[in-house]
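Participant:
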Amino acid sequence: MIKETKRKVMKEVEITERTEYLCDLCKEEIMDRSFFSRDSFRVKLTRGEVFPEGGSTVTEQAYFCEKCAGTIKTTLESIGVVFEMIEKDY
Ligand SMILES: [Zn+2]
Numbered sequence: 000m001i002k003e004t005k006r007k008v009m010k011e012v013e014i015t016e017r018t019e020y021l022c023d024l025c026k027e028e029i030m031d032r033s034f035f036s037r038d039s040f041r042v043k044l045t046r047g048e049v050f051p052e053g054g055s056t057v058t059e060q061a062y063f064c065e066k067c068a069g070t071i072k073t074t075l076e077s078i079g080v081v082f083e084m085i086e087k088d089y
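In structure tokens form, the structure reads like this:
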């Protein structure tokens, strides 16, 4: 007869946290920690298929400091990109 005993063990796992935000153009640290809530300067391209039961996507994205975001916007506008202005109050 084999006697089995259950016990709880702690498992160590490695996770990745983004603790420093660097501009993907000038590599300077983005100091504003409200980056994701108020001042979001990000270019994001997502391709794939999404269905209610699941899907598959690939996303490419880059983050920019405020100065470089201005440069990126000016550059894109110079090749014909028209930015849509969306204002929100809540
Ligand atoms: Zn920058």
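Using numbering that gives the first Met the number 0, the letters of the sequence shown correspond one by one to residues 0 to 89.
Just so it is clear, CB atoms sit at the ideal spot from N, CA and C, and this is done for glycine as well.
Everything numeric in this text was worked out from a predicted model, so none of it was measured.
#1: Please report the straight-line C-alpha distance between L21 and C64, rounded to a whole angstrom.
#2: Can you give me the start and stop residues for the beta strand (DSSP E) that T15 sits inside?
#3: Check this for me: beta carbons of R46 and V57, under 7 Å apart or not?
#4: Short check: CB of D88 to CB of Y62, under 7 Å?
#5: For I29, does the count of other Cβ atoms within 10 angstroms reach 16, so buried, or fall short, so exposed?
Facilitator: So, to answer that:
#1: Along the sequence shown, read from residue 1 onward, the residue named residue 21 stands at position 22. Along the sequence shown, read from residue 1 onward, the residue named residue 64 stands at position 65. Inter-residue distance for L21 and C64 is about 8 Å (C-alpha atoms, whole angstroms).
#2: Along the sequence shown, read from residue 1 onward, the residue named residue 15 stands at position 16. If you look at T15, you'll find it isn't in any beta strand (DSSP E); DSSP assigns it neither H nor E.
#3: Here residue 46 corresponds to residue number 47 of the sequence shown, with the count starting at 1. Here residue 57 corresponds to residue number 58 of the sequence shown, with the count starting at 1. If you check the CB distance, R46 and V57 come in under 7 Å.
#4: Residue mapping note: residue 88 aligns to position 89 of the sequence shown, counting from 1. Residue mapping note: residue 62 aligns to position 63 of the sequence shown, counting from 1. Result no, Cβ atoms of D88 and Y62 do not sit closer than 7 Å.
#5: Reading the sequence shown from its first residue, position 30 is the one you call residue 29. Buried, because 16 or more other Cβ atoms sit within 10 Å of the Cβ of I29.
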